[in-house]
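Report on one structure; see the data block that follows.
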Amino acid sequence: MAHAVEKHPVTGIPANPEKATLEGKNKYVAFWFFLGGETVLFASLFGTYVGLLNSGAPEELRSYNIFEMGLVFLMTMLLLTSSLTSVLAMMNMKANNPGRMKFWLVITLLLGAGFLGAEIYEFIHYYHIGHTFTSSAFGSAFYTLVGFHGAHVTFGLLWITTLLIRNWNRPIDVYNAPKFYVSSLYWHFIDVVWVFIFSIVYLLGMVS
Amino acid sequence: MAQTTALQQPRKYNGIMDWVTTVDHKKIGILYLFSGIFFLLLGGIEALLIRWQLVRPMNDFVSGETFNQLITMHGTTMIFLAAMPMLFGFMNAVVPLQIGARDVAFPFINSLGFWLFFFGGVMLNLSWFFGAAPNAGWTAYAPLSTQPEASGVDFYALGLQISGFGSLMAGINFLVTILNMRAPGMKLMRMPLFTWTTFVASALIVFAFPPLTVGLFMLMFERLFGAVYFDPAMGGNVIIWEHLFWIFGHPEVYILILPAFGIFSEIIPTFARKRLFGYTTMVFATMLIGFLGFMVWVHHMFTVGLGPVANSIFAVATMAIAVPTGVKIFNWLFTLWGGQIKFNVAMLYSVAFIPSFLVGGMTGVMLSVAPADYQYHDSYFVVAHFHYVIVGGVVYGLFAGLYYWFPLMFGKALSEKLGYWQFWLFFIGFHLTFFPQHFLGLFGMPRRVFTYLPNQGFETMNLLSTIGAFFMGVSTIVLLVAVVKAFLSKQRVKPDHWEDGRTLEWTLPVPTPEYNFAQTPLVKGLDTFWLEKMAGNKRVSVAEPVADIHMPNNSIIPFFMSLGLFIAGLGAIFQMDNAVVGWSLIVVGLLITFVSMFLRSWIDDHGFYIPKSKIEADLKAIREKGDQ
Amino acid sequence: MKSFKKLLFGIVPMMMFALLLSGCGVEGLSALKPMGEGAEIQLRIIIISLVLMLFVLVIVSIIYVYVLMKFRRKDDSIPKQVEGSSTLEMIWTVVPIILLIILAVPTITTTVELAKAKEAKKEEEINVTANLYWWEFEYPNAGVVTGQELVIPVGKRVGINLTSKDVIHSFWVPALSGKTDTNPGLDNEMWLHANEPGTFFGKCAELCGPSHALMDFKVIALEQEDYDQWLEDMKAQQDANTENLVADNQNLTTGEAVYVESCLSCHGGGKVAPSLTNFGDREWLIGYLENNEDDLKKWIRDPQELKEGALMPGFSEGQISDEELDALVDFLYDQKID
Numbered sequence: 352m353a354h355a356v357e358k359h360p361v362t363g364i365p366a367n368p369e370k371a372t373l374e375g376k377n378k379y380v381a382f383w384f385f386l387g388g389e390t391v392l393f394a395s396l397f398g399t400y401v402g403l404l405n406s407g408a409p410e411e412l413r414s415y416n417i418f419e420m421g422l423v424f425l426m427t428m429l430l431l432t433s434s435l436t437s438v439l440a441m442m443n444m445k446a447n448n449p450g451r452m453k454f455w456l457v458i459t460l461l462l463g464a465g466f467l468g469a470e471i472y473e474f475i476h477y478y479h480i481g482h483t484f485t486s487s488a489f490g491s492a493f494y495t496l497v498g499f500h501g502a503h504v505t506f507g508l509l510w511i512t513t514l515l516i517r518n519w520n521r522p523i524d525v526y527n528a529p530k531f532y533v534s535s536l537y538w539h540f541i542d543v544v545w546v547f548i549f550s551i552v553y554l555l556g557m558v559s
Numbered sequence: 323m324a325q326t327t328a329l330q331q332p333r334k335y336n337g338i339m340d341w342v343t344t345v346d347h348k349k350i351g352i353l354y355l356f357s358g359i360f361f362l363l364l365g366g367i368e369a370l371l372i373r374w375q376l377v378r379p380m381n382d383f384v385s386g387e388t389f390n391q392l393i394t395m396h397g398t399t400m401i402f403l404a405a406m407p408m409l410f411g412f413m414n415a416v417v418p419l420q421i422g423a424r425d426v427a428f429p430f431i432n433s434l435g436f437w438l439f440f441f442g443g444v445m446l447n448l449s450w451f452f453g454a455a456p457n458a459g460w461t462a463y464a465p466l467s468t469q470p471e472a473s474g475v476d477f478y479a480l481g482l483q484i485s486g487f488g489s490l491m492a493g494i495n496f497l498v499t500i501l502n503m504r505a506p507g508m509k510l511m512r513m514p515l516f517t518w519t520t521f522v523a524s525a526l527i528v529f530a531f532p533p534l535t536v537g538l539f540m541l542m543f544e545r546l547f548g549a550v551y552f553d554p555a556m557g558g559n560v561i562i563w564e565h566l567f568w569i570f571g572h573p574e575v576y577i578l579i580l581p582a583f584g585i586f587s588e589i590i591p592t593f594a595r596k597r598l599f600g601y602t603t604m605v606f607a608t609m610l611i612g613f614l615g616f617m618v619w620v621h622h623m624f625t626v627g628l629g630p631v632a633n634s635i636f637a638v639a640t641m642a643i644a645v646p647t648g649v650k651i652f653n654w655l656f657t658l659w660g661g662q663i664k665f666n667v668a669m670l671y672s673v674a675f676i677p678s679f680l681v682g683g684m685t686g687v688m689l690s691v692a693p694a695d696y697q698y699h700d701s702y703f704v705v706a707h708f709h710y711v712i713v714g715g716v717v718y719g720l721f722a723g724l725y726y727w728f729p730l731m732f733g734k735a736l737s738e739k740l741g742y743w744q745f746w747l748f749f750i751g752f753h754l755t756f757f758p759q760h761f762l763g764l765f766g767m768p769r770r771v772f773t774y775l776p777n778q779g780f781e782t783m784n785l786l787s788t789i790g791a792f793f794m795g796v797s798t799i800v801l802l803v804a805v806v807k808a809f810l811s812k813q814r815v816k817p818d819h820w821e822d823g824r825t826l827e828w829t830l831p832v833p834t835p836e837y838n839f840a841q842t843p844l845v846k847g848l849d850t851f852w853l854e855k856m857a858g859n860k861r862v863s864v865a866e867p868v869a870d871i872h873m874p875n876n877s878i879i880p881f882f883m884s885l886g887l888f889i890a891g892l893g894a895i896f897q898m899d900n901a902v903v904g905w906s907l908i909v910v911g912l913l914i915t916f917v918s919m920f921l922r923s924w925i926d927d928h929g930f931y932i933p934k935s936k937i938e939a940d941l942k943a944i945r946e947k948g949d950q
Numbered sequence: 008m009k010s011f012k013k014l015l016f017g018i019v020p021m022m023m024f025a026l027l028l029s030g031c032g033v034e035g036l037s038a039l040k041p042m043g044e045g046a047e048i049q050l051r052i053i054i055i056s057l058v059l060m061l062f063v064l065v066i067v068s069i070i071y072v073y074v075l076m077k078f079r080r081k082d083d084s085i086p087k088q089v090e091g092s093s094t095l096e097m098i099w100t101v102v103p104i105i106l107l108i109i110l111a112v113p114t115i116t117t118t119v120e121l122a123k124a125k126e127a128k129k130e131e132e133i134n135v136t137a138n139l140y141w142w143e144f145e146y147p148n149a150g151v152v153t154g155q156e157l158v159i160p161v162g163k164r165v166g167i168n169l170t171s172k173d174v175i176h177s178f179w180v181p182a183l184s185g186k187t188d189t190n191p192g193l194d195n196e197m198w199l200h201a202n203e204p205g206t207f208f209g210k211c212a213e214l215c216g217p218s219h220a221l222m223d224f225k226v227i228a229l230e231q232e233d234y235d236q237w238l239e240d241m242k243a244q245q246d247a248n249t250e251n252l253v254a255d256n257q258n259l260t261t262g263e264a265v266y267v268e269s270c271l272s273c274h275g276g277g278k279v280a281p282s283l284t285n286f287g288d289r290e291w292l293i294g295y296l297e298n299n300e301d302d303l304k305k306w307i308r309d310p311q312e313l314k315e316g317a318l319m320p321g322f323s324e325g326q327i328s329d330e331e332l333d334a335l336v337d338f339l340y341d342q343k344i345d
């Protein structure tokens, strides 16, 4: 769009650079709809998981006997913190501080990678004790739900990394701000899903 | 620096490359429409083969296995590859014009949506050439669909998955387009009904497709990667698939029917020359239907054994949908009341829709009565019911829309004379095919049977039904002739071809320029073109001076993204037989997709500008032509 | 155009005529000719809903025909642009709601009534297990297993448990009651009731594979005393067979010997393949054919020919010679309890 965008006197970019252009606004609205769809997607996976919880698994491979709550707690902390650092990055983006934005995004990526590493370790551990994708309906449902989340984390890491590399030497403007903003929305969403996984998969699994 | 060069040189192609790379919603609409018609023909041929097998008892025209493949492919093709794409075609071709926009919100994603649908459809139909088509019904109930030898179901799971991603993208795109791209003055409650129904149907897509996505993933994991969600021996539960499928499946019915309602709500006021009766109620009825559509899926599962409480609740919830639907029927009737009704083919279909759909609605209420459904369920009564709804509603709507918008989309009109033949043949054939099936069901004939025994009371009705199907077949041939004839004819239509046009799309020159509106229109109310005409104006008011117009660049990336998923999907299927070939295809396919995504993200594409001078010249040419 | 309309108006009488020809379907099969309490209850509520809907149909049709006759375009004038009418819209919102409430009440009561399987089971209980493509019927209290023909007593609700061994099927006896799915790994229940003694046609109503259409069965209703007698005879015959037909019995006839060698392992308990305890009494072969010698032989030689996808293996001449087959068939037709 050709029309000039009102710039903030101090920061030199618009107050909300991610929504300053029509393209940015479109992306912003579209992404919320997308997340709406993703919510239904995970709701379906949660429903399946609850329906198949411990189904077909022998006693020693039931949720309450296998889950490593210490590790899961660590993963939860990593991901929650990464959500916080992602907020800090966005605040710096709006304040037109590209350096600090990049710093917090890198921290976010590191925390996310730490989470992913812990999850892979967790899966390998379960695999060795016999709780696998094909060992029972419970196994299939567990890996599908948690694995879908893990795949989302992986995609988020790749996405933010690409954005960072591409825009490393470029200023924050109304063209790349929506991209950063939307990726951070995605990251928060992943985090919220994890909170539900923590409660429904792990906590419910421990008490069932 | 990169920006300026990109802006100065629009990326354009000619011929087939133009169609492959286009991001113009009008062209994508045409792609959707013709792909949809192609699949409609395939599904129609399958239907005729089905009816031919059932023409007499114990016929052996096809085997039980082939028959099951035919019914599965008929249902899947008609719903996912014919009806939905044709509706997307009209949505693409018309909705941006109706709201005074120059394009959809995401032209690139629009193209991606089309190619995903297309490759998904191709993949599904490739199954015929790789041994076997899916054979577990379009509902693909597990564990029938998870039997290892039912290899066609692999193509079902992956083909629908890929085309489903496309539908999801189209849905989000239309939601944002309608929310953000409206011309000045086009308030929500001034939007034409087709735009409204597109909006609600798109919302349904966004919230209804994910359960199908999950279901299809599970089906794929179970068939190809050893998961056991549906295997009772491993603790699995076969009902989970049914729930996921119908949580998607019921809203899907409204995804199809609501846009058809929208089409009728455009055509009926146009040819009755009367404003839509109860516009506000119509909008809210649409939203209510969409909302209730998510609350009723269990009525497809009354016989599953979920218990009397669940059955009662869902029975009553289902009945509730009849209320907003009935409101719509009366509103259409009272739009006609006091009007100046002109009967052309588009209007004939719209008028014929009312009683046909009414019968489908009546049997719908009857089916919602859970204890009665124990008799109807999975019998020919259900087949009759949903064909009355989907053919009498959606297909009539598609045909009506085709005759109505064909001049807008192609600058040429379909022959009304051939159209009358097509309509009457179809109308007669339709009722002759499906009305007797109500009785077949009540007489005790289950659906999806490849044959039936003599002397059980099924012969006459099946014979009638088959005769009717061939009427519809002939009608479709007439339609094709009409389309070919229109393309061969040299006679071009004028803007506002029907002369009674009420909405913005009829203000545009034919053929519509790529930027649609030289100047964004200023909308003054519902049916703004009609208001302007009544005020004695030849053209609608504009909201801006002539200026440079920003346009998106064509792109081949959507094609490759979809192609990559297509290759990876084939690989996932082939890895069962040959791990090396299969996994290499998966890797290559996903690599193509991810590299395409990466390129899309990496390369800045700011589009280009059409200079003001070009637009002024266009405007001048149009005015001169119009003044002649 | 004109001729089309004539044709159109010809359709309705034509269909009525066809309906007349086929009546309301075949007795013992059609849901429109109920022969038991369940189907009667269901037909009653079908009629209630149909009448309510026809009321709507008539009203809409009157308005529809009037509008289409009256408001054809006559001149180029512009009709009055009406926005709507809240009174009218109120009417066609409220009236349908009332109609639906009228329909909802019997819907709920009937749903509850039809779900009373537990009570019925106290009286009489039968386990139905669906298989690709045959039906197993087990009488747990009497210890009897049979297949393809479900025998029930008349005049009372019989409790039925339903499940499946492989894919989902659905148990449907239209003249007696609506259908209930048989889900593998899950148990369902329903009740079945027949007014008079007789034979009723049953069908599988859920797509289950290539021979879904051929997965028919029969329900035979007997007077209570006949039913009791039948159960007793079945039990006796079953026990006698279990005792006699064993591999180490040296006194077997040729037919028995072939049966023991080739059939017993699956058909013996009636759980893997249909029990043949009363095969000689059955009117129907493999669910849908008349029970005659020729088709029986054909079936034993090549089951796929008659039922695509059936799990029964075929027996070539090398496995069962023609003479042995004759003996086997004779033996099978001797399996009677009457």
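Protein chains in written order, with this note's numbering: chain A, 352 to 559; chain B, 323 to 950; chain C, 8 to 345.
C-beta: ideal position from N, C-alpha, C; glycine also.
Note that the structure is predicted; figures quoted are calculated from it, not measured.
Do you know how far the Cα of residue 532 of chain B is from the Cα of residue 389 of chain A? 7 Å
Here's the rule I'm using: 16 or more other beta-carbon atoms within 10 Å means buried, otherwise exposed. How should residue 250 of chain C be labelled? exposed
May I ask you to list the residues that DSSP assigns as paired with residue 178 of chain C? C:187, C:211
Residue 159 of chain C in three-state terms, based on DSSP: strand
Using a C-beta cutoff of 9 Å, does residue 551 of chain B count as contacting chain A? yes
Given that a residue counts as buried once 16 or more other Cβ atoms are within 10 Å of its Cβ, and exposed if not, what is residue 933 of chain B? exposed
Once DSSP output is grouped into helix, strand and coil, what is the label at residue 368 of chain B? helix
Near residue 336 of chain C, which residues of its chain fall below 7 Å by C-beta distance, leaving aside the five closest residues on each side in sequence? 300, 303, 304
Confirm, please, whether the CB-CB distance from residue 211 of chain C to residue 184 of chain C is below 9 Å. no
C-beta contact flag for residue 161 of chain C and residue 230 of chain C at 9 Å: yes
Consult DSSP for residue 890 of chain B and reduce its assignment to one of helix, strand or coil. helix
Looking only at DSSP bridge pairs, what is residue 453 of chain A linked to? Residue 453 of chain A pairs with nothing; no bridge assigned.
What does residue 535 of chain B reach in chain A if we use C-beta pairs closer than 7 Å? 392
Measuring straight from C-alpha to C-alpha, what distance separates residue 352 of chain A and residue 522 of chain B? Any reading at residue 352 of chain A needs caution, since the residue's pLDDT is 40, under 50, leaving its predicted position unreliable; the model's value is listed next. Those two C-alpha atoms are separated by around 28 Å.
Look at the Cβ atom of residue 433 of chain A, then the Cβ atom of residue 538 of chain A, and state whether they are nearer than 9 Å. yes
With a 10 Å radius around its C-beta and 16 neighbouring C-beta atoms as the bar for buried, classify residue 203 of chain C as buried or exposed. exposed
Which value, in whole angstroms, describes the spacing of the CA atoms of residue 518 of chain B and residue 535 of chain A? 31 Å
Pick out the complete alpha helix (DSSP H) segments inside the segment 434–473 of chain B, 4 residues or longer, and give them in chain order. none
Using a Cβ distance threshold of 8 Å, determine whether the segment 862–874 of chain B contacts the segment 841–850 of chain B, with at least three qualifying pairs required. yes
Residue 371 of chain A versus residue 524 of chain A: straight-line alpha-carbon distance, rounded: 10 Å
Is the shortest distance between the beta-carbon of residue 376 of chain A and the beta-carbons of chain B less than 9 Å? yes
Quick check on residue 800 of chain B - is its C-beta less than 9 Å from some C-beta in chain C? no
Determine, using beta-carbon pairs with one atom in the segment 845–861 of chain B and one in the segment 688–698 of chain B, whether at least three such pairs fall under 8 Å. no
Which class does residue 519 of chain A belong to by DSSP, given the choice of helix, strand or coil? coil
For residue 751 of chain B, the nearest candidate out of B:786, B:556, B:765, B:719 (CA to CA): B:786
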